[in-house]
């Protein structure tokens, strides 16, 4: 382990634990980094620098402890309660770190930016650094892989494979038909050896194959040749092949499978270099023990289809909408968030809720669970287990309670996602039980096991508060008050009975200032009274108290929620998802809130480079006609039976514009090696992708389109060498696509003055907008329906005609005390008046930031981003000047009070549960209070319901302020997987 030491950089390193796996060649070391205060107050920027240098020193010590080969890989993560996510570096080799390569420097730069951003940390905070060392497994001879397609030439592979029956190449182009009739003949022959030889014996089969091939060709009206997708689609419809399905293994496309027909009997073909052979076994040829042959690939749109029903119902360009559950045209379908009913989610057997807490002892800086206490919601009996196997015994008890899957369980712990989940997951892995996880970074939001009968969730996903706040929040009585010395929980102290021990066992450095003062008063009081501390009894009582407090708080919340909403909130994973379900079952109006299309509004989700947009703009400038493209109306599919999209289209002249990326389309100049397969091209060669490009252009010309194309390398040369193009690009604003998520910013807080020495009767106050989110939801205007996409509208039209989102370039004023528009720079939320200044000083130490003078030009000061039209309107009133509009999402339909019913429901409950104000001591004042509320909010309060109810008030406040959570959810979530092979583990950091 690393020695405990204080670095000269102002950071201490303390080893926590380490783990090894000889099977996987993995060694994990976890250390704790903590800033060290030496001398004067250290500014935050210097704290970040100290931690960054501490991280580098810790990794270098790991590398220096043993001779680590350059090829070994490291997975590095830094985590803290202060950080919303861990900072990770993937595919970092020892050589890259030693050479101070790009990966290592990127990790350190990202860490420094993260520590200096909105993630505020203090001197008492600590960070856990995990360094996972992965050693590559020894390389084998590779003999087994010689028989797997892709590791031998196709000629050699077909000679080695017994599953290949080759068709002669000098057969005048009859290979397609011969392979099909041979496969059909063997299928009809079954296990009859004599009948099979009629199709496989070279001395007997030649004439038979040729006759059958010509008969099949006459039946379908085709001639000889290597039949393509269109011909095979016709062939499989022949009466003689009615019961058959043709599956082609395409060697030119990474041995992908393409199926034709819906029959139950299989005809397998191998296609390579415009030639067909016949396969007796696809699994044998591919070297697989299992292969799903019910999946087929549509020859037109290349979509994968599973099952006979999907194949039968398939239409190109259509997909299953996850919102409305309909089979729709993904290009034109406009869907909405669907209204739900309470019956939609009624389970056959409601779950039993179980509440638990884990206490762990400190063993070589590792947390080893040694006590687990739980209690069911339907009884008052405590269940507890002591010892290292406590978690395993708990899981066995859950298995008994779920009665073989007949009784579902919902198991809750406070801070399950950050602490209790890890010993549970570790035990499940040791028991070799399957589990499913939903994570947010390193935090486990939901864990399912025992055939999904047991579901773990975190109560902190519903209440963002410490367990100690439950009594005040829900009006509860704490069973065991006080503090517990978690660092005292070691093997040596399990039977301790004696006086109260030193304060450092309670970790006071991790407490807030107020909590630390209260703890010291409590400790001093018990010490003076001569309190006798029985460790085993105290540990059990402390854990029981936490479990009971958790249970009472959750049941109070659940009871109040169910009375209002009609469903169990813990059926959901978070308070945000519970809010969303209530909204959709009780308050949502049908066909109001739009669902973003699968491909994004206006074809936003496209993979097109800025160079392509420059060339399209130049071409539009030359012909003086707007060209439709991804950022101007969306990409177009001009061929109805193909999934081809074109980069640009001029519908008036039927001209297609194609910007060909050199790598993706196989430029012959840039990539002279034409026959090497590339993983990023799905195993295809440069000749393969070049042929696909030519095929696309030929099909477009056959449909009457004029095709204008340019290679990426050619445009790169022209934009530098041609003065006219250079001048155009200097003055032209390349269209920037609008991403609605770019307009989503966090909250705003700031200090008017960073330091003030109070004199006389001066007071330091703060200004706060209370209940701003519920107010906006109730009284402000929201867009409904789907937007109109408007690209680069004229600037003189302004923004008054639009309501929605605008991607634009805007110039701030120079003398505004509180800038209006938020702006992200280096992943930090800022409110600047100059883009150049904020970029220059964003990472500078606080005392080095220049806040007085700005000498940048207007072009340098201008901000480009995406904002809502209401905030842009305020910005224009405050002196901002609009320079260019890139794109507008305009919503013609709007509604005031879209969420008013939702807000009124919970606002009424919150006000009634708050009781009457203290000054309302008479009946007259109470009636006046009710009247004013009705007059102002149009909410009728009922006198009989107005009484203090902390549980109801906490519920109502959560519901009022948490509805936004599901609307902000991203569809790009991390996934977790269980790894059984060392080679797979080695591949993960490199992805």
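Residue numbers (our numbering): 27 to 1017.
All C-beta atoms in this analysis are idealised placements derived from N, C-alpha and C, irrespective of residue type, glycine included.
- Rounded to the nearest whole angstrom, the CA to CA distance from residue 406 to residue 419 is 20 Å.
- Taking a contact as a CB-CB distance under 8 Å, the pair residue 271 and residue 289 counts as one, their CB atoms being some 5 Å apart.
- Between residue 995 and residue 892, the CB-CB gap reaches or exceeds 8 Å.
- Annotation for residue 886: 860, 861 and 862 place their beta carbon closer than 8 Å to its own, counting only its chain and skipping 5 residues before and after.
- Residue 283 sits in a strand when the DSSP states are folded into three classes.
- Per DSSP, residue 800 is one residue of the alpha helix (DSSP H) stretching across 798-805.
- Sixteen is the threshold: when 16 or more other Cβ atoms of the shown chains lie within 10 Å of the Cβ of residue 377, as they do, the residue is buried.
- When only Cα atoms are considered, residue 417 and residue 349 end up about 40 Å apart.
- Beta-bridge partners assigned by DSSP to residue 849: 856.
- Annotation: residue 608 is outside any beta strand (DSSP E); the continuous alpha helix (DSSP H) that includes it extends over 601-608.
- Counting C-beta atoms within 10 angstroms of its own C-beta, residue 792 has fewer than 16 neighbours from the protein chains shown and is therefore classed as exposed.
- Among the bridge pairs identified by DSSP, residue 402 is matched with 380.
- In the assembly as shown, residue 978 is a buried residue. Its beta-carbon has 16 or more other beta-carbons within 10 Å.
- In the DSSP assignment, residue 193 falls outside any alpha helix (DSSP H), carrying neither H nor E.
- Contact annotation: residue 814 and residue 912 have beta-carbon atoms that are not nearer than 8 Å.
- A check of alpha carbon separations from residue 605 across 982, 100 and 181 identifies 982 as the nearest.
- Sequence-distant partners of residue 601 (beyond 5 residues in either direction) whose C-beta falls short of 6 Å from its own C-beta, in its chain, are 488, 984 and 988.
- When secondary structure is reduced to three states using DSSP, residue 712 falls in the helix class.
- Taking all protein chains shown into account, residue 595 has 16 or more neighbouring C-beta atoms within 10 Å of its C-beta and is therefore buried.
- Within the segment 482-525, the complete alpha helix (DSSP H) runs of at least 4 residues fall at 496-500.
- When the Cα atoms are used, residue 182 and residue 429 turn out to be separated by approximately 57 Å.
- Here DSSP, grouped into helix, strand and coil, assigns residue 651 to coil.
- Separation of the CB atoms of residue 496 and residue 439 is rounded to 14 Å, and the pair is thereby denied contact status at 8 Å.
- If you compare the alpha carbons of 909, 914 and 355 with that of residue 757, the shortest gap goes to 909.
- Residue 462 places its beta carbon less than 8 Å from that of residue 474.
- Looking at the DSSP output, residue 304 shares a beta bridge with 191 and 295.
- Here residue 156 carries a strand assignment [DSSP, helix/strand/coil].
- Rounded to whole angstroms, the Cβ separation of residue 933 and residue 965 is 6 Å, and the two are in contact under 8 Å.
- Residue range 884-887 is occupied by the alpha helix (DSSP H) that includes residue 884, with no beta strand (DSSP E) assigned at that position.
- Around residue 184, the same chain offers 190, 192, 296 and 303 as residues with beta carbons nearer than 8 Å, after the five sequence neighbours per side are excluded.
- With fewer than 16 other Cβ atoms inside 10 Å of its own Cβ, residue 459 counts as exposed.
- Contact annotation: the segment 616-625 does not touch the segment 725-741, with fewer than three C-beta pairs closer than 8 Å.
- At a Cβ-Cβ threshold of 8 Å, residue 410 and residue 421 do not count as neighbours.
- For residue 809, the three-state secondary structure derived from DSSP is strand.
- DSSP links residue 55 through a beta bridge to 44 and 157.
- Annotation: residue 928 to residue 904 spans about 34 Å, alpha carbon to alpha carbon.
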